[in-house]
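Protein chains: 2
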Amino acid sequence: MNIGQAATASGVSAKMIRYYESIGLIEAPVRTEAGYRVYAGDDVHTLRFVKRARSLGFSIEETRELLALWRDKSRASADVKAFALRHIGELEARIGELQAMVKTLGHLARHCHGDGRPDCPILEDLADAPAPQGAGRAHSRDRARHHA
Amino acid sequence: MNIGQAATASGVSAKMIRYYESIGLIEAPVRTEAGYRVYAGDDVHTLRFVKRARSLGFSIEETRELLALWRDKSRASADVKAFALRHIGELEARIGELQAMVKTLGHLARHCHGDGRPDCPILEDLADAPAPQGAGRAHSRDRARHHA
DNA sequence: GCTTGACCTTCCCATGATGGGAAGCTTTAG
DNA sequence: CTAAAGCTTCCCATCATGGGAAGGTCAAGC
Numbered sequence: 002m003n004i005g006q007a008a009t010a011s012g013v014s015a016k017m018i019r020y021y022e023s024i025g026l027i028e029a030p031v032r033t034e035a036g037y038r039v040y041a042g043d044d045v046h047t048l049r050f051v052k053r054a055r056s057l058g059f060s061i062e063e064t065r066e067l068l069a070l071w072r073d074k075s076r077a078s079a080d081v082k083a084f085a086l087r088h089i090g091e092l093e094a095r096i097g098e099l100q101a102m103v104k105t106l107g108h109l110a111r112h113c114h115g116d117g118r119p120d121c122p123i124l125e126d127l128a129d130a131p132a133p134q135g136a137g138r139a140h141s142r143d144r145a146r147h148h149a
Numbered sequence: 002m003n004i005g006q007a008a009t010a011s012g013v014s015a016k017m018i019r020y021y022e023s024i025g026l027i028e029a030p031v032r033t034e035a036g037y038r039v040y041a042g043d044d045v046h047t048l049r050f051v052k053r054a055r056s057l058g059f060s061i062e063e064t065r066e067l068l069a070l071w072r073d074k075s076r077a078s079a080d081v082k083a084f085a086l087r088h089i090g091e092l093e094a095r096i097g098e099l100q101a102m103v104k105t106l107g108h109l110a111r112h113c114h115g116d117g118r119p120d121c122p123i124l125e126d127l128a129d130a131p132a133p134q135g136a137g138r139a140h141s142r143d144r145a146r147h148h149a
């Protein structure tokens with residue numbers, strides 16, 4: 002099976018399959034004499050595993066760890082569960098941040114007339130936000146969105 | 002005021018201030034003979050506006066639009082409100098995606114013994130995820146996290 | 001006055017995950 | 001045999017941010 006078929010069968014684009022190989026997330030498959038990658042059913046299985054993990058919000062590095070756990074037939078389910086729970090915690094933290102934004106914006110929007118007049122508490126809030134008090138530093142900690 | 006002071010006063014790093022200038026989000030300030038950027042109180046005000054908008058999840062391009070609305074003294078508050086409501090919708094969509102992930106993972110984790118045995122429904126789910134049925138295409142639509 | 005250190009300048013690189021596209025070779029169907 | 005579809009590698013772009021190098025500038029201390 003060529004990369005195109007593996008892509009269709011796994012739902013992972015050919016581009017991404019090559020990328021995953023280049024970063025060592027998946028193993029390099031055998032090649033034909035002409036250099037074409039040749040995949041087997043097992044490879045597609047792995048690709049689906051990766052896709053599913055990504056769709057659940059795991060980063061590629063986390064997916065790498067999950068693959069290792071998957072392949073380690075003697076892993077303790079407790080390890081996997083702890084991993085999943087930690088990830089849930091991170092997801093919930095992000096949800097919390099987004100909800101805080103929605104709450105603030107919703108509050109502002111509710112107080113905005115929304116008519117033809119120019120007065121708008123939304124812009125006023127943005128303009129009159131308090132000056133930073135702390136260090137002004139704040140090295141942002143964030144994960145990029147992804148999914149499918 | 003030099004860029005360092007503007008950064009401290011606004012909470013936006015000097016690096017970002019220069020970047021915002023380079024993409025035309027903020028105006029280029031006057032310079033000293035030696036080439037140092039010189040900022041006034043108004044510039045800090047604008048930077049705080051930008052920072053606040055970013056912290057509410059607006060992208061830089063959206064922030065650009067908000068700045069334009071802010072500077073347009075004759076804008077209709079309805080326009081601003083619509084903008085905010087649309088953004089709230091996008092935030093809620095992302096929250097929904099994250100919640101779906103949490104729900105799925107939570108479900109799996111609850112069914113995992115979490116003991117020393119290797120059997121784990123979490124990994125089983127990842128491994129046995131259904132094959133893609135549709136086109137397998139799916140060009141992801143996503144916004145990066147940011148905030149502070 | 002001169003040195004030192006803090007601050008400024010520009011420029012390039014990296015991140016994370018993905019897509020776009022070019023240039024060129026291969027395979028397959030007509 | 002030819003044309004199209006598919007494969008290969010390589011480079012670029014995204015989005016917002018930080019890191020760091022190389023070099024100029026300013027202010028304070030001696």
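If you're matching them up, the sequences are chains W and X in order. Residue numbers for the first sequence follow this note's numbering, so the first one is 2 and each next one is one higher. Residue numbers for the second sequence follow this note's numbering, so the first one is 2 and each next one is one higher. Ideal Cβ placement from N, Cα and C applies to all residues, glycine included.
Member of the options whose CA lies at the smallest distance from the CA of residue i
i, options, result
"residue 1 of chain X", "W:57, W:31 and W:26", "Because chain X spans 2 through 149 in this model, residue 1 of chain X falls outside it and cannot be assessed."
"residue 107 of chain X", "W:82, W:121, W:10 and W:28", "W:82"
"residue 13 of chain W", "W:35, W:48, W:44 and W:36", "W:48"
"residue 102 of chain W", "X:110, X:89, X:101 and X:94", "X:89"
"residue 42 of chain W", "W:132, W:3 and W:85", "W:3"
"residue 133 of chain X", "W:11, W:104 and W:34", "W:11"
"residue 113 of chain W", "X:85, X:128, X:114 and X:113", "X:85"
"residue 76 of chain W", "X:53, X:124, X:40 and X:62", "X:124"
"residue 50 of chain X", "X:34, X:36, X:37 and X:67", "X:67"
"residue 129 of chain X", "W:45, W:111, W:61 and W:63", "W:45"
"residue 69 of chain W", "X:6, X:9, X:32 and X:127", "X:127"
"residue 60 of chain X", "X:91, X:19 and X:74", "X:91"
"residue 109 of chain X", "W:74, W:39, W:78 and W:15", "W:78"
"residue 62 of chain W", "W:26, W:71 and W:38", "W:26"
"residue 73 of chain X", "W:22, W:52, W:9 and W:118", "W:118"
"residue 8 of chain X", "X:120, X:116 and X:40", "X:40"
"residue 65 of chain W", "W:104, W:120, W:28 and W:5", "W:28"
"residue 21 of chain W", "W:55, W:37, W:6 and W:33", "W:55"
"residue 37 of chain X", "X:53, X:15 and X:24", "X:15"
"residue 1 of chain X", "W:24, W:100, W:52 and W:19", "Because chain X is modelled from 2 through 149, residue 1 of chain X falls outside the range shown and cannot be assessed."
"residue 121 of chain W", "X:80, X:6, X:23 and X:32", "X:80"
Cross-strand partners of residue i (DSSP beta bridge)
i, result
"residue 38 of chain X", "X:32"
Contact test: residue i Cβ vs the ligand GTP heavy atom, cutoff 7 Å
i, result
"residue 89 of chain X", "This structure simply doesn't include the ligand GTP, nor any ligand for that matter."
Three-state class that DSSP yields for residue i in the structure shown
i, result
"residue 50 of chain W", "helix"
"residue 80 of chain X", "helix"
"residue 20 of chain W", "helix"
"residue 8 of chain W", "helix"
"residue 2 of chain W", "coil"
"residue 112 of chain W", "coil"
"residue 74 of chain X", "coil"
"residue 122 of chain X", "helix"
"residue 96 of chain W", "helix"
"residue 14 of chain W", "coil"
"residue 148 of chain W", "For residue 148 of chain W, the predicted structure reports a pLDDT of 33, less than 50, and the residue's modelled location is therefore unreliable. The matter cannot be settled from this model."
"residue 69 of chain X", "helix"
"residue 139 of chain X", "In this prediction, residue 139 of chain X scores a pLDDT of 36, lower than 50, which makes its location untrustworthy; no coordinate-derived value is stated."
"residue 107 of chain X", "helix"
"residue 58 of chain X", "coil"
"residue 129 of chain X", "coil"
"residue 85 of chain W", "helix"
"residue 90 of chain W", "helix"
Per-residue contacts from residue i into chain X (C-beta, under 9 Å)
i, result
"residue 124 of chain W", "50, 67, 70, 71, 76, 78 and 81"
"residue 26 of chain W", "Simply none; closest approach about 14 Å."
"residue 7 of chain W", "Ordered by position in chain X, no residue passes the 9 Å Cβ test against residue 7 of chain W, which lies about 11 Å from the chain."
"residue 35 of chain W", "Correct list: empty, because the minimum Cβ distance to chain X is about 25 Å."
Residue i: contacting residues in chain X (beta-carbon distance under 7 Å)
i, result
"residue 1 of chain W", "Outside the shown range of chain W, which is 2 to 149, sits residue 1 of chain W, and nothing can be said about it."
"residue 32 of chain W", "Under the 7 Å cutoff, chain X gives no residues; its nearest Cβ is about 23 Å from residue 32 of chain W."
"residue 41 of chain W", "Within 7 Å Cβ-Cβ: nothing; residue 41 of chain W doesn't reach chain X, min ~15 Å."
Contacts of residue i in chain W (Cβ-Cβ under 7 Å)
i, result
"residue 120 of chain X", "78"
Chain W contact residues for residue i, given Cβ-Cβ distances below 8 Å
i, result
"residue 96 of chain X", "96, 99, 100 and 103"
"residue 116 of chain X", "77, 78 and 79"
"residue 54 of chain X", "127"
Within chain W, partners of residue i - CB distance below 9 Å
i, result
"residue 63 of chain X", "The contacting residues do not exist; residue 63 of chain X stays about 11 Å from chain W at best."
Residue i: contacting residues in chain X (beta-carbon distance under 8 Å)
i, result
"residue 22 of chain W", "Per Cβ cutoff of 8 Å: no residues; residue 22 of chain W is ~18 Å from chain X at best."
"residue 110 of chain W", "82, 85, 86 and 89"
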